[in-house]
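Here the protein sequences come in this chain order: A and B. Read left to right, the first sequence gives residues 2 to 213 (our numbering). Read left to right, the second sequence gives residues 2 to 213 (our numbering). Beta carbons are placed, not taken as given, at the ideal position from N, Cα and C, and that holds for glycine. Reading through the structure tokens given below for one structure.
Protein chains: 2
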Amino acid sequence: MCTNKPISLIIVDDHSIVVEGIKTMLHGDLEINILETFSLGSSLMNFLNRTNTDIILLDISLPDISGIDLCKKVKLMSPKTKVLALSNHTERSIILQMIQNGANGYLLKNIGSMELKDCIHAAMNGEIVFSREVSSIMANPNMEELKELPRLTKREKEILELISKGLTTQEIADKLFVSPLTIETHRRNLMSKFKVRNAAELIMEASKSKLI
Amino acid sequence: MCTNKPISLIIVDDHSIVVEGIKTMLHGDLEINILETFSLGSSLMNFLNRTNTDIILLDISLPDISGIDLCKKVKLMSPKTKVLALSNHTERSIILQMIQNGANGYLLKNIGSMELKDCIHAAMNGEIVFSREVSSIMANPNMEELKELPRLTKREKEILELISKGLTTQEIADKLFVSPLTIETHRRNLMSKFKVRNAAELIMEASKSKLI
DNA sequence: TTGTATATACCTGAAAACCAGTAGAAAAAA
DNA sequence: TTTTTTCTACTGGTTTTCAGGTATATACAA
Chain A
2 MCTNKPISLI IVDDHSIVVE GIKTMLHGDL EINILETFSL GSSLMNFLNR TNTDIILLDI
62 SLPDISGIDL CKKVKLMSPK TKVLALSNHT ERSIILQMIQ NGANGYLLKN IGSMELKDCI
122 HAAMNGEIVF SREVSSIMAN PNMEELKELP RLTKREKEIL ELISKGLTTQ EIADKLFVSP
182 LTIETHRRNL MSKFKVRNAA ELIMEASKSK LI
Chain B
2 MCTNKPISLI IVDDHSIVVE GIKTMLHGDL EINILETFSL GSSLMNFLNR TNTDIILLDI
62 SLPDISGIDL CKKVKLMSPK TKVLALSNHT ERSIILQMIQ NGANGYLLKN IGSMELKDCI
122 HAAMNGEIVF SREVSSIMAN PNMEELKELP RLTKREKEIL ELISKGLTTQ EIADKLFVSP
182 LTIETHRRNL MSKFKVRNAA ELIMEASKSK LI
């Protein structure tokens, strides 16, 4: 790679240990120039307004805004800037959301120095980059992640919530001022959407899917 | 503090970003000498066998062994060595388990450079140290964490698991080769231990408490 | 406007869960 | 060895859930 112009890079992470670690790791690479580091999404947005940046290393868990939403905002304001997610989350759904929101790659924090540098350069070349472990997650989805979540209506979510609190059909009906027969119907719809046989399994599945 | 003898320190963490970050943070402090870093619990144990170490910064999520168990092993082998947990987990129960297993303090990875150094020195003086956020977690337990988990018997856990899979009393009885009446009894005991009114709420509570 | 989704409501009957007890055998702890 | 816990099993009765349907009003989108 020829060193025509250094890559300007921003780190966004609220853990100073991580920021220092990344800085140290990238220190040897003369083609990378760390412009600035931020611990808040809002400060990043202010800065981006006024500056040209090639690439952002973006943590997902930030104090003020989710990195997933932040990624979208960054891409709207500055589409040319590459965004690499750098997080501890290994959930397929989060990775996909990030990519959906325009991220140019997804790295896990167990990444090594060499791999990190490689990924940054690859992203600059327009590739979508995943760290090794991320690739393997994407290649081998587990059962749980593959079954797509049922889409529940507002009312169904409400009733699911009340079932999980131990209310009976009658009690839910009283609370929502509708007939218990209506609640029965919702119950059955919920169970058929989740493909389960009773309330216990329903709550289990809903909870696994983080729907309650 | 007078610089009679440097503090010998070991870092145990499988994320090289974090290891580099800590190293950089402690670099300025001449009283601290980083002896070695490990990414596996087993390599730490080998090293400890042969060397005197003042203090260990110990991550909780390691590939080969839980930091909680590792802490206990370290303390058995080398009781004088101080152990500071350094992790992302904010759960009261984990913090308490670490202290129970002999840790001399608990730090979160959002700690800053100054605080980290202060904590290391304080630990060397025999104090039990918590980073700022940890202190606040310990001081303000939330509802969920306060209610102590019911102690379930082996059989009860087994049955709870099967209930959560949607099996009926009869099916569970068949599977375990006992009378359905027995399962009924276990069911009622489970519900009374969790103080809930039906299976749905039971599964919800068990799942919140991470018992299934 | 003509579907599609949502929320509502009903019937009937069977199956399962839940309540309130008691109690003996086996296993584990003291 | 004694005590305690756990696992087992029962009686008898009430309440709730579940399974098979059907059906109407409303709202929202194509």
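For T38(A), the enclosing beta strand (DSSP E) covers residues 33-39.
Put simply, the backbone Cα of D55(A) is about 38 Å away from that of M144(A). For secondary structure counted as the alpha helix (DSSP H) over 4 or more consecutive residues, the segment 4-81 of chain B holds these complete runs in sequence order: 17-27, 42-51, 68-78. Per DSSP, reduced to three states, the secondary structure at F131(B) is strand. Sorting M139(B), V84(B), E32(B), S208(B) by C-alpha distance to the C-alpha of S165(B) places S208(B) at the top. The beta-carbon distance between D14(A) and S44(A), rounded to whole angstroms, is 12 Å. This is too long to meet the 8 Å contact definition. Near chain A, meaning a CB-to-CB distance below 9 Å, the residues of the segment 94-122 of chain B are L109, K110, N111, I112, G113, S114, L117. For A86(B), the secondary structure class from DSSP, reduced to helix, strand or coil, is strand. Under the 8 Å criterion on CB atoms, D15(B) is classed as interfacial with respect to chain A. Annotation for L150(B): no beta strand (DSSP E) segment contains it, and DSSP assigns it neither H nor E.
Its chain contains L150 as the residues whose beta carbon lies nearer than 6 Å to that of S210(B), once the 5 sequence neighbours on both sides are disregarded; these appear in chain order. Of all residues in the segment 18-31 of chain B, only I18, V19, V20, E21, G22, I23, K24, T25, M26 place a beta-carbon less than 9 Å from a beta-carbon of chain A.
In this structure, DSSP gives L108(B) an extended state, which the three-state scheme calls strand. Residue contact check for N141(A) against chain B: no CB pair falls below 8 Å.
Between P7(A) and I23(A), the beta carbon gap of about 16 Å keeps them out of contact (Cβ cut-off 8 Å). With respect to the C-alpha of K83(A), the residue from M99(A), N89(A), E92(A), S94(A) having the closest C-alpha is M99(A).
With a cut-off of 8 Å on Cβ pairs, the segment 91-108 of chain B is in contact with the segment 69-79 of chain B, counting three or more such pairs. Its Cα nearest to that of I35(B), the residue K118(B) stands out among R156(B), K118(B), I129(B).
Remark: C-beta atoms of G103(B) and S88(B) do not approach each other more closely than 8 Å.
Classified as buried, M26(B) has 16 or more neighbouring CB atoms from the shown chains inside 10 Å of its CB.
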